[in-house]
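Scroll down for the structure; my scribbles are underneath it.
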Amino acid sequence: MMSTLMALSQIDRLLNQLSLMTSYDFKLVVTLVAFPLVLLLRKPQKVAAGAPAVHID
């Protein structure tokens, strides 16, 4: 009985450890991907008055 409880507690501890590592990695990946994308977002360039609009067929 006691060895079963010890095994279950070890499994629980391992799962908690793995879930913490996974959530940390996910946050890191989201940060590394989202930050450059935010930097790429810019206001559109304004077209000079009288300049023809570009039209592609």
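Taking the working numbering, the leading residue of the sequence shown gets 15, the next gets one more, and so forth.
In this text, a Cβ means the ideal position worked out from N, Cα and C, and glycines have one as well.
Do you know offhand how far residue i's Cα is from residue j's?
i: K60; j: V52; result: 20 Å
i: V44; j: A21; result: 35 Å
i: A63; j: F40; result: 47 Å
i: Q31; j: S17; result: 21 Å
i: L54; j: L46; result: 13 Å
i: Q24; j: L42; result: 27 Å
In terms of residue numbering, what span does the alpha helix (DSSP H) encompassing residue i cover?
i: R27; result: 16-54
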